[in-house]
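S.K.: Residue numbers (the working numbering), protein chains in the order written: chain E, 16 to 308; chain H, 54 to 396.
Let me begin by handing over the structure; questions about it come next.
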Amino acid sequence: MTIASKRRSLSLRIAIYIFAAIWLLVAAFPFVWTLWGSFKVELDFFSVANWTNALSGERTIAEYGQPFTDAGYEGAWIKEEFWRNVINTFIVCFFVVCTSLTIGTLGGYALSRSGYRYTLILLIAALIFRAMPPITLVSGYMLPFFEWNVWGILPTTIIVLVAINQPFTLWMLHSFFQNIPKELDESAKVDGCSQFKAFRLVIIPVMWPGVITTGLFSFLLAYNDFAITSMLLSEDNRTMVPQIAAFLGTTYTEGNVMFAVAAVVSAAAPLFILVMFFQRQIVSGLTAGAVKG
Amino acid sequence: MKHSTFIWFFSPTALAMLLFIAFPIVSVLVQSVHAPHKAVLVEVETCTPLVGCTIETSIDQEATRAIREEKPIGRFIGLEIFSDRGHLAISEVSKIWSISENFNEFFTKLGNLPFYRAMAFTLTFTFIVTPLVVIVGFLIALNVNALHDRIKGVVVFFSLLPFVITPLIGALVLFWMIDSRGILGSAIQWIFADPNLSLKASTGLMWISLIVYGVWHAAPFAFVIFYAGLQTLPADQLEAAQIDGATRAQQVRYVVLPHLMPLVSFVALIQLMDNFRVFEPIVGFNASAHAQSLSWFIFNDLGGETRQLSSASATSVLTIIGVTILLLPVLRRTWRDFMEKAK
């Protein structure tokens, strides 16, 4: 590529940078704008009179005496007790990631080390399960969960999310374990280790990069889920995303849409931090699946 | 690995998938052919002198509760729900077919039936967003690959944001901007010089907004995959093409594209699966008046005061059938590839 880049004409180089700038704007501007707007009052963020009000904060100044206000955050976090939903989300994510990695690692390892035909059948079944829209399964959960009286609580949702997570986790860890040479654990077995001991002593120490990458995606799935959490959690146990959806139902009528804006910014912030720290792992995780496929 | 060891390692995950994916599918199938019990009615004859006797029917609450508790799944009704107006609407469709004079009329009338309207949107969304995502992702990948190394990292960081963001949140963020009082909404009004223009008011514009959201959300995914593929581009092939005098466009057409082809089919597969379940943007854009998808139907049936399990189950079964049809070619290929490797 070095030769090519030397030959690039000036006009082409300018075109490349313009295109990149446009893409950056498209990708990032909505977030910057919403972050900025979340510190305004509704009449500035949704400005009928003049869109520059959102920049200058004319109405916000009129109401609070300064161009920025944390009224939206105060409303969402204190008045509407959004912090409860934040705690619920982190409980759900923590347990989903831990459980799903534990059982997924064992399963993915077994799939990668067994040469029988049923591994393929299992992997294809997992692929089909991955393709099922989770919401199609929800109507299957409702009746049994009501009957057993487990609807609406966090543990049920955690288990369901773990199960829905499994197909993806299995595919990812399967392809990851295949890149760890079989000779490693086989030599341990020759030395007299059982399969499980070989896994514990030889594989576990070297598997962390793949497990962390898979864990990131499990986290994203649990964090971003709307279909399952909105259907399976009662009002008191809601996580952030269904709570934001619930805000929309109530805030549009009450005129407190800024609560929802503040809640959206609050819920998006952890994801930004995640990408900031784990950009490399996310990229490698996305591509790991592709190279196999 | 021995069979027994395999089972020990694999059973936890197998159990989870069996209990919470496979069984629910069966349960959905069963529920889709059952309906809630009808209320038990009792007829009471009351006779008053001079007026005569009247027969009143009333609901026997106790008996109704008893039968509902005894058999919560409801009564078996066969494929009735599938053929009702809210789903396949078989009698309506055949009626439309017989009175329509041409295909155009037929499809217009078909579009008035809720299931077919949702199907039309789901398929349009899937088959417009998927290719667009591939194309846009490819262009961004080519572009970023040509940037200076120092700013690549920053660009990748910002590119990932629309993809990792919660779909509902991403949809809301865009929706607030295209609101007629939002910044993009005002900009569009200004461009078209129409102060009453609102994306929310027209079905066509709403569909376009949803598609724009779909591309915005998924293009980074395609970009990352293609960008990684570009890093493994064989330099000697490209050099050979350059020596042969290939123009830049020809290099992309004959060297880069064939190299990325397997990745294109991977991205297309994932996108087909994900776009077919389009759901969150419809909630986020508050677009259900203009665009419904199959997933949204299920959500709508299950939510609210009356949980219409049977109707939701029937739509779920139809969705699962749809996904399977979409996936069949891929499954066949995976199977064949594996068999060839096994030989």
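Glycine included, C-beta positions come from ideal geometry on N, C-alpha and C.
All of these numbers come straight from a predicted model, not from anything done at the bench.
#1: Along the chain, where does the beta strand (DSSP E) containing I112(H) start, and where does it finish?
#2: Just the C-alpha distance for G375(H) and I76(E), rounded to the nearest angstrom, thanks.
#3: Closer than 7 Å, Cβ to any Cβ of chain H: which residues of the stretch 53 to 66 of chain E, in chain order?
#4: Go to E96(H), then tell me how far its beta strand (DSSP E) extends in each direction, as first and last residue.
#5: So, with DSSP's three-state summary, where would you put D201(H)?
#6: Just how far apart, CA to CA, sit N180(E) and E393(H)?
#7: Taking C-alpha atoms, which residue in A171(H), K162(H) and P125(H) lies nearest to A344(H)?
#8: Could you pull the start and end residues of the alpha helix (DSSP H) that G164(H) belongs to?
#9: Checking the sheet assignment: what are the DSSP bridge partners for G88(H)?
#10: Strictly under 8 Å for the Cβ-Cβ distance: is V305(H) near chain E by that measure?
#11: Assuming the contact rule is C-beta atoms closer than 8 Å, L231(E) and Q294(E) should be a hit. Round their C-beta distance to whole Å, please.
#12: Along chain E, which residues have their Cβ under 8 Å away from the Cβ of W388(H)?
#13: Report buried or exposed for I378(H), applying the criterion of at least 16 other Cβ atoms within 10 angstroms of its Cβ.
#14: Cβ atoms of I222(H) and A283(E): under 8 Å apart, would you say?
#15: Bridge partners for G167(E) per DSSP, in chain order?
#16: Using only alpha-carbon positions, find the residue among A224(H), W243(H) and K91(H) that is nearest to G267(H).
#17: Give the list of continuous alpha helix (DSSP H) stretches no shorter than 4 residues that lie fully inside the stretch 239 to 286 of chain H.
#18: Please state if the CB of L252(H) and the CB of S239(H) are separated by a distance shorter than 8 Å.
#19: I'd like to know if F105(E) contacts chain H, where contact means its C-beta is closer than 8 Å to some C-beta of that chain.
#20: In three-state terms, what does DSSP make of N68(E)?
#21: Restricting to Cα atoms, I'd like to know which of S85(H), L381(H), S212(H) and K55(H) is closest to I134(H).
#22: Counting only beta-carbon separations shorter than 8 Å, does G267(H) have a partner in chain E?
#23: Tell me whether L230(E) sits in a helix, a strand or coil according to DSSP, three-state version.
#24: Quick one: residues in its chain with C-beta nearer than 8 Å to the C-beta of T117(H), no 5 flanking neighbours on either side, listed in chain order?
#25: Taking C-beta to C-beta, are Q210(E) and F97(E) nearer than 8 Å?
#26: Comparing alpha-carbon positions, which option in I173(E), D200(E) and I168(E) lies nearest I219(E)?
#27: How is S212(H) classed by DSSP in three states: helix, strand or coil?
#28: Could you tell me if V205(E) is buried or exposed, where buried requires 16 or more neighbouring beta carbons within 10 angstroms of its beta carbon?
#29: Counting only beta-carbon separations shorter than 8 Å, does V10(E) have a partner in chain H?
#30: When the Cα atoms are used, what is the spatial distance from P382(H) to G300(E)?
#31: Output needed in chain order: residues of the stretch 145 to 162 of chain E with a Cβ under 9 Å from some Cβ in chain H.
#32: Using only CA atoms, which one of E98(H), N353(H), Y280(H) and L141(H) lies nearest to G206(H)?
#33: Y88(E): which of K55(E), Y32(E) and E73(E) sits nearest, CA to CA?
#34: Would a check of beta-carbon distances place G264(E) closer than 8 Å to chain H?
#35: Using the rule of at least 16 other Cβ atoms within 10 Å of the residue's Cβ for burial, across every protein chain shown, is F63(H) buried or exposed?
#36: So, is the C-beta of V217(E) closer than 8 Å to a C-beta in chain H?
M.R.: This is what the structure gives:
#1: If you number the second sequence from 1, residue 112(H) lands on position 59. Here the beta strand (DSSP E) through I112(H) covers G105 to I112.
#2: On the second sequence, residue 375(H) is found 322 positions in, with the first residue counted as 1. On the first sequence, residue 76(E) is found 61 positions in, with the first residue counted as 1. Rounded to the nearest angstrom, the two C-alpha atoms are 54 Å apart.
#3: F61, S62, V63 and W66
#4: Counting from 1 along the second sequence, the entry for residue 96(H) is found at position 43. Looking at the DSSP string, the run of the beta strand (DSSP E) that includes E96(H) is L94 to T101.
#5: Within the second sequence, residue 201(H) is the residue found at index 148, counting from 1. The sequence shown places His at residue 201(H), rather than the Asp named in the question. Correct three-state label for H201(H): coil.
#6: Taking the first sequence and counting its residues from 1, the one referred to as residue 180(E) is at position 165. Taking the second sequence and counting its residues from 1, the one referred to as residue 393(H) is at position 340. Rounded to the nearest angstrom, the two C-alpha atoms are 30 Å apart.
#7: Here residue 344(H) refers to the residue found at position 291 of the second sequence. A344(H) has its Cα closest to that of A171(H), out of A171(H), K162(H) and P125(H).
#8: Taking the second sequence and counting its residues from 1, one reaches residue 164(H) at position 111. Counting along the chain, G164(H) falls outside any alpha helix (DSSP H), and DSSP gives it neither H nor E.
#9: Within the second sequence, numbered from 1, the residue matching residue 88(H) stands at position 35. Looking at the sequence provided, one finds Ala at residue 88(H) rather than Gly. Paired residues: R128(H).
#10: On the second sequence, position 252 is the one that residue 305(H) refers to. Taking Cβ atoms only, chain E never reaches closer than 8 Å to V305(H), which makes this a no.
#11: The count along the first sequence starts at 1 and reaches residue 231(E) at position 216. The count along the first sequence starts at 1 and reaches residue 294(E) at position 279. In fact, because the Cβ distance is near 10 Å, the residues do not count as touching under 8 Å.
#12: Here residue 388(H) refers to the residue found at position 335 of the second sequence. Chain E residues near W388(H): L135 and I139.
#13: Within the second sequence, residue 378(H) is the residue found at index 325, counting from 1. That one is exposed.
#14: Reading the first sequence from its first residue, position 268 is the one you call residue 283(E). Reading the second sequence from its first residue, position 169 is the one you call residue 222(H). Yes.
#15: For this step, residue 167(E) is matched to residue 152 along the first sequence. For G167(E), which the question treats as bridged, DSSP gives the partners L248(E).
#16: Along the second sequence, one-based indexing puts residue 267(H) at 214. The option with the nearest alpha carbon to G267(H) is A224(H).
#17: Segments of the alpha helix (DSSP H) lying fully in the stretch 239 to 286 of chain H: 256 to 284.
#18: Taking the second sequence and counting its residues from 1, one reaches residue 239(H) at position 186. Taking the second sequence and counting its residues from 1, one reaches residue 252(H) at position 199. Against a cut-off of 8 Å, the Cβ pair of L252(H) and S239(H) comes out as no contact.
#19: Taking the first residue of the first sequence as 1, we reach residue 105(E) at position 90. No, F105(E) does not count as interfacial toward chain H.
#20: For the purposes of this step, residue 68(E) is taken as the residue at position 53 of the first sequence. It is helical.
#21: The count along the second sequence starts at 1 and reaches residue 134(H) at position 81. With distances taken between Cα atoms, I134(H) lies closest to S85(H).
#22: Walking along the second sequence from the start, residue 267(H) turns up at place 214. No, because no Cβ of chain E sits closer than 8 Å to the Cβ of G267(H).
#23: Stepping through the first sequence from its first residue, residue 230(E) is reached at position 215. Note on identity: in this sequence residue 230(E) is Gly, with Leu being the wrong assignment. Reduced to three states, the DSSP call for G230(E) is helix.
#24: On the second sequence, residue 117(H) is found 64 positions in, with the first residue counted as 1. Around T117(H): H90, A92 and V93.
#25: Within the first sequence, numbered from 1, the residue matching residue 210(E) stands at position 195. Within the first sequence, numbered from 1, the residue matching residue 97(E) stands at position 82. Cβ atoms of Q210(E) and F97(E): not closer than 8 Å.
#26: Counting from one through the first sequence, the residue named residue 219(E) turns up at place 204. Out of I173(E), D200(E) and I168(E), D200(E) has the C-alpha closest to the C-alpha of I219(E).
#27: The residue labelled residue 212(H) in the question sits at position 159 within the second sequence. DSSP places S212(H) in helix when its eight states are reduced to three.
#28: Numbered from 1 along the first sequence, position 190 holds the residue referred to as residue 205(E). Counting other Cβ atoms within 10 Å of its Cβ, V205(E) stays below 16 and is therefore classed as exposed.
#29: Because chain E is modelled from 16 through 308, residue 10(E) falls outside the range shown and cannot be assessed.
#30: As a working note, residue 382(H) is residue 329 in the second sequence. As a working note, residue 300(E) is residue 285 in the first sequence. Going by the C-alpha atoms only, they are around 25 Å apart.
#31: R145, A146, M147, P148, P149, I150, T151, L152, V153, S154, G155, Y156, M157, L158, P159, F161 and E162
#32: Walking along the second sequence from the start, residue 206(H) turns up at place 153. If we check each option's Cα against that of G206(H), Y280(H) comes out closest.
#33: Residue mapping note: residue 88(E) aligns to position 73 of the first sequence, counting from 1. When each option's Cα is compared against that of Y88(E), the closest is K55(E).
#34: The count along the first sequence starts at 1 and reaches residue 264(E) at position 249. Output row for G264(E): interface = no.
#35: Here residue 63(H) is taken as the residue at index 10 of the second sequence, counted from 1. The residue is buried, with at least 16 neighbouring Cβ atoms inside 10 Å.
#36: Translated into the one-based positions of the first sequence, residue 217(E) becomes position 202. By this cut-off, V217(E) is not an interface position.
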